[in-house]
Structures are given as C-alpha cells and as structure tokens.
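Note that the protein sequences, when read in sequence, are chains A and B.
All letters in the first sequence, in the order written, are residues 210 to 815 by our numbering.
All letters in the second sequence, in the order written, are residues 618 to 744 by our numbering.
In what follows, a single structure is set out as structure tokens and then discussed.
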Amino acid sequence: MEHRLHLLVCAGTGCVANRSFQIKQKLEQEIIKNGLQDEVKVISTGCQGFCERGPVVIVKPGDIFYQQVKETDIPLLVEEHLLKGRPVKKLMYKPSGKEPPVQKMMDIGFFKHQRLIVLKNRGRLDPENIDEYIGFDGYLAMEKALATMTPEQIIEEIKKSGLRGRGGAGFPTGLKWEFCRKAKGNLKYLVCNADEGDPGAFMDRSILESDPHLVLEGIIIGAIAIGASKGFIYVRSEYPLAVKRVKIAIEQAQDYGLLGDNILGTDFSFSLDVIQGAGAFVCGEETALIASIQGQVGRPRPRPPYPAESGLWGNPTNINNVETWANIPGIIQKGSQWYSSIGTENSKGTKIFSLVGKINNTGLVEVPMGITLREIIYEIGGGIPNKKEFKAVQTGGPSGGCLPKQMLDLSIDYDSLTKAGSIMGSGGMIVMDEDTCMVDLAKYFLKFTVEESCGKCTPCRVGTRNMVDILEKICSGQATLDDLDKLEFLAKTVKSTALCGLGQTAPNPVLTTLRYFRDEYISHIVDKYCPALVCRDLIEFYVIPEKCTGCQRCVSVCPTGAITGPRSQPHNLDKDKCIKCRACYEICRFDAIAGDAIRIKSGEEA
Amino acid sequence: MKKLKVGDLKKIRDKVQKTTNLRKSQSRAVITVHMGTCGIAAGSRQILTRIMAILEKKKIDDVLVTTSGCAGFCSREPMITVEVKGEPPVKYGDLTEQRIDKIISQHIIQGNLVKEFVLALGSERTY
Ligand SMILES: Cc1cc2nc3c(=O)[nH]c(=O)nc-3n(C[C@H](O)[C@H](O)[C@H](O)COP(=O)(O)O)c2cc1C
Chain A
210 MEHRLHLLVC AGTGCVANRS FQIKQKLEQE IIKNGLQDEV KVISTGCQGF CERGPVVIVK
270 PGDIFYQQVK ETDIPLLVEE HLLKGRPVKK LMYKPSGKEP PVQKMMDIGF FKHQRLIVLK
330 NRGRLDPENI DEYIGFDGYL AMEKALATMT PEQIIEEIKK SGLRGRGGAG FPTGLKWEFC
390 RKAKGNLKYL VCNADEGDPG AFMDRSILES DPHLVLEGII IGAIAIGASK GFIYVRSEYP
450 LAVKRVKIAI EQAQDYGLLG DNILGTDFSF SLDVIQGAGA FVCGEETALI ASIQGQVGRP
510 RPRPPYPAES GLWGNPTNIN NVETWANIPG IIQKGSQWYS SIGTENSKGT KIFSLVGKIN
570 NTGLVEVPMG ITLREIIYEI GGGIPNKKEF KAVQTGGPSG GCLPKQMLDL SIDYDSLTKA
630 GSIMGSGGMI VMDEDTCMVD LAKYFLKFTV EESCGKCTPC RVGTRNMVDI LEKICSGQAT
690 LDDLDKLEFL AKTVKSTALC GLGQTAPNPV LTTLRYFRDE YISHIVDKYC PALVCRDLIE
750 FYVIPEKCTG CQRCVSVCPT GAITGPRSQP HNLDKDKCIK CRACYEICRF DAIAGDAIRI
810 KSGEEA
Chain B
618 MKKLKVGDLK KIRDKVQKTT NLRKSQSRAV ITVHMGTCGI AAGSRQILTR IMAILEKKKI
678 DDVLVTTSGC AGFCSREPMI TVEVKGEPPV KYGDLTEQRI DKIISQHIIQ GNLVKEFVLA
738 LGSERTY
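Next up, the structure:
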C-alpha cells in the first residue's frame, strides 16, 4: 500500500492568497518529523469551492474537512489526526455559534446540496499531474470518440444531451458544432472562451485551475467532431494561475501524444495554444474576441456572418465557453441519456454559480438546473449574515437582472430566468440584503457597462451614459417622474438597438429594478427618501443625545472633525462638516458603549 | 516521452488507480489501528507499518487503513478493528506482526475470522 492517507490542500487562487502553499510545506515538514512520510501523501488540488472558509484541507479517506487552517495548527493536526487518528474538532466547520462542529465534508450544507459534473475532480486531484487525471478516467472519453465514434455520432450525442452554451446566451452546443462541421473550408478553428469578465464571477477560472485537462479533453473531442485542426484558449491575463496550469496541461498532453500530430497514433491531428487577453469585458463577446486574437482592437462586429461560417481569419470557427467544453467528456463517456436525465425540460445538466455578496457561505457551487434560488441562497449559501433580510439577487452579472424576494422559488433554468427579466448569464450570483439601495445598485452595474462599452455603436456609447446621468439625478433627489419615463424609454431603446450583447443586455439591471422595485425609484424622486439609507445626498447623520454616552469612539474616527464633545457628554455632529462616510455610524453600532446613538435618516424624517 | 496509442490510457489509469482509489471512497474493507498512547507504547506503530507493507506486497488496493484512538482495552493492545463491508466490525487484540499476516490472509483475503485472536464482535452501543 503506497499511502494510507491523502491530504488534499486547496491551491485555488483564494486559498493560495490565504497561504495554502506555506501550509502544504509545513504539513510536509511535520509529517517527516513524525515519521509519517511513507504513510501520508500531501497533494495540492484546485479550488474546493468553499472559498469563504479557506485555506481548506481535506483528509481522505473519510472526507474530514478542515477549514481556516493556519500554519500554527499543523503540529496538532499531524499528531492528533494523522498519527493517532483523532480528527481535530477545533479546525472543523461550525455552521453557527452554538452548533457543534461538522466533521464530514458531505454533512456541511454548502456541499451536501451540490451535484458535481464539471467540478467532479475539484479538490480530489492534482491539476498539474496528467496521470492523476487519467487515474480518474481522464481522456477515456476522447479515446472513445476517436476510436469508436464518427464525427456525426459525436455531434448527435451532444445534440441529444440537450447541452446549451454556458457562456451566457444558452445556444444549443450540438447545433453550433453541426453548423461549423458543415461550413465550407478546409481550415477550421476552435476557441475556448475564458475571458470571464463578469465582476464577481470566477467559475471559469476555477475550472481551469482545478481541472485543466477536463477542458482540454472537451476541446479535443470538439475538434474531432468538427474537424478542426487548431484551437485557442483565450484567457484574461489577470488569471495567472489558470494560465500557468493550462500551459502545463497542454505540454503534458503533447508529451503523451494527446495533442499534436497523429493523436493516439491515429491520423487525427490538432494543436492548442493559449492566448492572453488584456481583460476587457467586451472581449468576451465572440466577434470582439476573434478580433483580439487576430491582433486587432477588441471590438464586436454585426452578425451574421456567424463565426461558424466566418471567424478567425475568415475561417469557420467554433467558440464555446470553458464550462461548456468541460461538460463534453462526461456526455461522451456516460451518454446523452444520462446527461439529459439531469435538469429541466429545456435546461439540462448542472450549472456552476459563484455565490457572492451578502451571503454566509461565499463560494463556488455546482447545482442541477431547476434548483430554486431559495435552495441556493439558504441551503447552500447558509442565508444572509448578521440577521439581515434578503432583498434581491442579481443573476448574470451586469448583463443580468435583479430578482426580488417573491422570486425566491423561481426554478433556475434558462427560460424561467429570461421570463423573470434576468438571464442565466455565465453564472454570477450576487446576493443583496436590506441595506442595498436598488437605484444605487442599478447605477453601479450601469457604470460598469459605460466603462466597458467599446464605443463603436451609438446606443451603447451614448445611451448608457445618459441612463447613468438620470440615475445619478434620481440618487441625488433632483429627478422628476418624467425622468423616470425617459429612463425606461432609453433602456428599452438601447436594449433593442445596440450592436452587440454588451449594449443589448446593459439595461437589464435598470429594467428589472424598475419592474420589481419601482417604489424605491418613486421614493427617491417624490419623497427624496432612500429607503435603504444609502444615497448620500438623501441621508443625514445625527446623534441621539439621550442614547449617547460620550465614549468618544466616533470622535476619534471622524475624518473631518465633524463630531465634537467632551468625554461622558452627548456629542455634537456638525452637518456642514459631515461627509457622510458612515465611519461614526459603524463604530457606534459595533464598538461604542451606547450601541446605536448615531442614526441615519432620510427624506421626510430628515 | 513515448507517445500513447489507443488502449494505452487504460494502462496508465490502472496503474494510477492504486493511489487514486483512496480518494474515491470505494473500499471493500477498513482496517483501523488503535493508536492511543497505550497502543503506541505496545507497538501499534509497527503493526500499522506491517499492515501497509503486506497490502502493498499482495497488491490489495481496495482496503483502507486508518488510525483511531484508544479502544479502551489497553491491556490487550496493540489492537485493530477490521470492518468488511456489510459485516459487523471485528476487534483483534494482542497483535504481533505474525498475527497480522495471518489476519490479512485469512480475514481480509479469504473472508474468514481468525477466531483465536478475536477480542470482540460488533461495537459498543452508543447514543
Ligand atoms: C459583452 C459580452 C461579454 C461576454 N463575455 C463572455 C465571457 O466572458 N465568457 C464566455 O464564455 N462568453 C462570453 N460572452 C458570450 C460569447 O459571445 C459567446 O456567446 C460564448 O462564448 C459562446 O459559448 P457557449 O455557446 O459555450 O456559451 C459574452 C458576450 C457578450 C455580449
């Protein structure tokens, strides 16, 4: 027996930032110190998904889950668990203050409700070692496709699986492949879109970091089916770890003859390269991406012709998202019937979401299509922190929409989300609590699109900027109800006239907040009142003298000297000097003796 | 590096699976070595090494080896618990390296209890 225990140390970007490399080193040292080096093996893996609790270490067999591990915890962990077999409670996950620690990974709500297809190897293999991937049946789907299937059979299998593109638009993948296979031309290209420009989204990065060979295998199967000879993985250069691991994977696959000339000794040849993008949101759009690979300015062009007909250097090109490619090996290996049994009528398989914002369990989750928002937010995400109320969730990033509490039981699939005014998008999921102002939120997302607009078409360049201007007027209490109509009109116009998906979806945050939170807009305009107490021009800070104990905590944090007063006497807040930075408010709630002597008021109250 | 041909992948997989099986949570049996202070003092460390060596020699890769604390019967250490899937756990005591060899070939490989070393069948009742 080689080893009796494997320690899987997460080496995703999040955990690495929390010193997981040092933890691995320390583990190895301690293991040697205890003479356990022949019994215990330490392996770096990709992201385990529960980034909130990093750095994460899992002990196999047994799936004991350790979280927020520090270097100083290692001696205890090695002696108690690895030598004596007594799992260390103090490093286990505790759901909340009073509940006992949870030992097994699968008993933690965050993991229990997930279903892994794409991320099945996350945290269980070393992404920089091709043999480990092969040990988990890696590249066998590709071998099957190459040795036993015709290109038409592969395409048919993908069509029957019901797989739709995970990059945002949800186009049926098999159909796209068929277009490209049938397109005229001897030279065909494949592209893996790993631009991932949604703020707060990190699904594709994580897939590439934790299982790069899975993506490679999917792309090679696509190449066999489409008859492509050359492929590119387009990654933003802000993803250095992903770039590094993909490059290692390509090299290893080349060495094994899984990429390059005469793959697996057959007459099929295909090569793959990495292209690093500079990280502009619009470069994720397929025609802009093609321009960028060709060395031109990353700007979109009208379609048709679609890339399947005329893409890279005018040749038929098939573009899919990282997660789409990563779904392919499983479908080929286990069959379309297996795949299509998961999910809903029109949305098959699983989807990965990056769950962020005001949520207890931040992280990456893979769930079957058709799960409800409520299950993701409460059962997996563990609900909203600090006993706050859930207010809304933004799906699809800046191109998506904002869904309110009434929509919590919405099934997550392409069609339901579109009907609700949002989109699946690439899988960003940002949760907001009662302290979020919906007008401010719409402004935030729209500002992002204004900055990322390439400026080529007028609706997007000028229209979105005008929309931001109106939103700013609303937030500062200077707008009229006419402005609201104008905002809505502009939003609809931009949506229907912009050149590419960026402009066409940019108004979604405005349109959905208008649909579900119109009251909040009206409050800002008519009552000059910001219900969430966020918009600076509509709020005012004041001290409640009866509550103030004069502890001077606020005096010390106020950057402008707006708060004065001798110790032990109610303080005075000078409104003219106050810049509304919230520092006094926060410190009064969490650090001061009185608790909440500093309050915020808005509108009529003010 | 020699390029692979169709059929070669499975060979690599089968070789690697010896290590990866440990991570798949699929095992036919679990051997737990009790490693309390009493166990370690009585030689359970050598017992553990011996078990791993025999499993390696006999190419058994579907049996897990774990450790746990003192089983409470300190005078009979070193002790192990053998759990074959679907059967009640069996505790063996007063172990030596020779006895381990016999337990692995009789119990783990052939599926028969080694009655003379059995301390107890099943485990204590818990709440
Ligand atoms: C502004 C904009 C940004 C986009 N960003 C991405 C991206 O980061 N990653 C991605 O895969 N697709 C992105 N897309 C979608 C791509 O244009 C394209 O539809 C997708 O890569 C196709 O792959 P799929 O069929 O597998 O989803 C973006 C589209 C638009 C309009």
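Glycine residues also receive a C-beta, built at the ideal position from the N, C-alpha and C atoms.
For a test of your reading of the model: does the CB of A:Val491 fall under 6 Å from any non-hydrogen atom of ligand 1? Yes or no.
yes
I need the straight-line Cα distance from B:Leu681 to B:His724, nearest angstrom please.
Taking the CA atoms as reference points, B:Leu681 sits about 14 Å from B:His724.
A:Lys153 by DSSP, collapsed to three states: which one?
Absent from the model: residue 153 of chain A. The displayed extent of chain A is 210 to 815, so no value can be given.
List, in order along the chain, the chain A residues whose C-beta lies closer than 9 Å to that of B:Val623?
Glu352, Leu355, Ala356, Leu473, Gly474 and Thr475
Under 8 Å Cβ-Cβ, which residues of chain A neighbour B:Ser749?
Not covered by the structure: residue 749 of chain B. The range shown for chain B is 618 to 744.
Quick test of your reading: A:Ile561 and A:Gly610, contact by CB under 8 Å. State the CB separation rounded to the nearest angstrom.
Wrong, their Cβ atoms sit about 19 Å apart, outside the cutoff.
By the criterion of Cβ-Cβ separation under 7 Å, what are the contact partners of B:Lys702 in chain A?
Going along chain A, no residue has its Cβ under 7 Å from B:Lys702, so there is no contact; the nearest lies around 13 Å.
Return the residue from the list A:Thr254, A:Asp642, A:Gly263 and A:Lys279 that minimises the CA-CA distance to A:Lys269.
A:Thr254
Is DSSP giving B:Ala646 helix, strand or coil here?
In the three-state DSSP reduction, B:Ala646 falls in the strand class (E or B).
Using a beta-carbon distance below 7 Å, is B:Lys620 in contact with chain A?
At least one beta carbon of chain A lies nearer than 7 Å to the beta carbon of B:Lys620.
What I want to know is whether the C-beta of A:Phe562 ends up closer than 6 Å to one or more non-hydrogen atoms of ligand 1.
no
Mind listing the chain A neighbours of B:Thr698? Cutoff is C-beta to C-beta under 7 Å, in chain order.
Correct list: empty, because the minimum Cβ distance to chain A is about 11 Å.
Report the start-end ranges of each beta strand (DSSP E) in the region 466 to 546 of chain A that is 3 residues or longer and not cut off at the edges.
480 to 486 and 526 to 530
Taking DSSP's pairing of strands, which residues face A:Gly637 in a bridge?
A:Ser563
Please confirm if A:Lys269 has its CB atom under 7 Å from at least one CB of chain B.
yes
Would you say A:Gly605 faces chain B, with C-beta separation under 7 Å as the test?
no
Cβ of A:Ala175 within 7 Å of Cβ of A:Pro668?
The structure shown does not extend to residue 175 of chain A, since chain A spans only 210 to 815, so no value can be given for it.
Is the region 600 to 618 of chain A touching the region 543 to 557 of chain A in the sense that three or more CB pairs, one from each, lie closer than 8 Å?
no
Where does A:Ile428 fall in DSSP's three states?
helix
Between the C-alpha atoms of A:Ile528 and A:Phe479, what's the straight-line distance to the nearest angstrom?
16 Å
Can A:Gly406 be considered in contact with ligand 1, in the sense that its beta carbon sits closer than 6 Å to one or more heavy atoms?
Yes; taking the cut-off as 6 Å, the Cβ of A:Gly406 has a heavy atom of ligand 1 nearer than that.
List the endpoints of the continuous beta strand (DSSP E) containing B:Glu700.
Ile697 to Val701
Who are the Cβ neighbours of A:Glu341 in its own chain at under 6 Å, not counting the five residues just before and after it?
Leu334 and Asp335
Could you check whether A:Leu564 and A:Gly572 sit closer than 7 Å to each other, using their CB atoms as the reference points?
yes
Per DSSP, which one or two residues make a beta bridge with A:Tyr398?
A:Lys439 and A:Thr526
Under 6 Å from any heavy atom of ligand 1, does the C-beta of A:Cys663 make it?
A:Cys663 Cβ: outside cutoff for every heavy atom of ligand 1.
For the beta strand (DSSP E) that A:Cys219 lies in, which residues bound it at each end?
In the DSSP assignment, A:Cys219 falls within the unbroken beta strand (DSSP E) covering Leu214 to Cys219.
Does the count of Cβ pairs from the region 633 to 649 of chain A and the region 581 to 600 of chain A closer than 8 Å reach three?
yes
If you follow the beta strand (DSSP E) that A:Ser253 is part of, which residue opens it and which one closes it?
Val249 to Thr254
For A:Gln257, name the three-state secondary structure that DSSP assigns.
coil
Any heavy atom of ligand 1 closer than 6 Å to the beta-carbon of A:Asn530?
Within the chosen limit of 6 Å, ligand 1 reaches the beta carbon of A:Asn530 through at least one heavy atom.
Do you know how far the Cα of A:Leu650 is from the Cα of A:Leu742?
13 Å
Taking the CB atoms as reference points, tell me whether A:Gly486 and A:Tyr443 lie closer together than 7 Å.
In contact: A:Gly486 and A:Tyr443 (Cβ atoms closer than 7 Å).
Could you check how far apart the C-beta atoms of A:His215 and A:Glu248 are, in whole angstroms? I think they sit under 8 Å.
10 Å between Cβ atoms; not a contact.
Which word fits A:Asp470, buried or exposed, when buried means at least 16 other C-beta atoms lie within 10 angstroms of its C-beta?
Under a 10 Å Cβ-count criterion, A:Asp470 is classified as exposed, with fewer than 16 other Cβ atoms of the shown protein chains found around its own Cβ.
Kindly examine ligand 1 and report whether one of its heavy atoms sits closer than 6 Å to the Cβ of B:Leu626.
no
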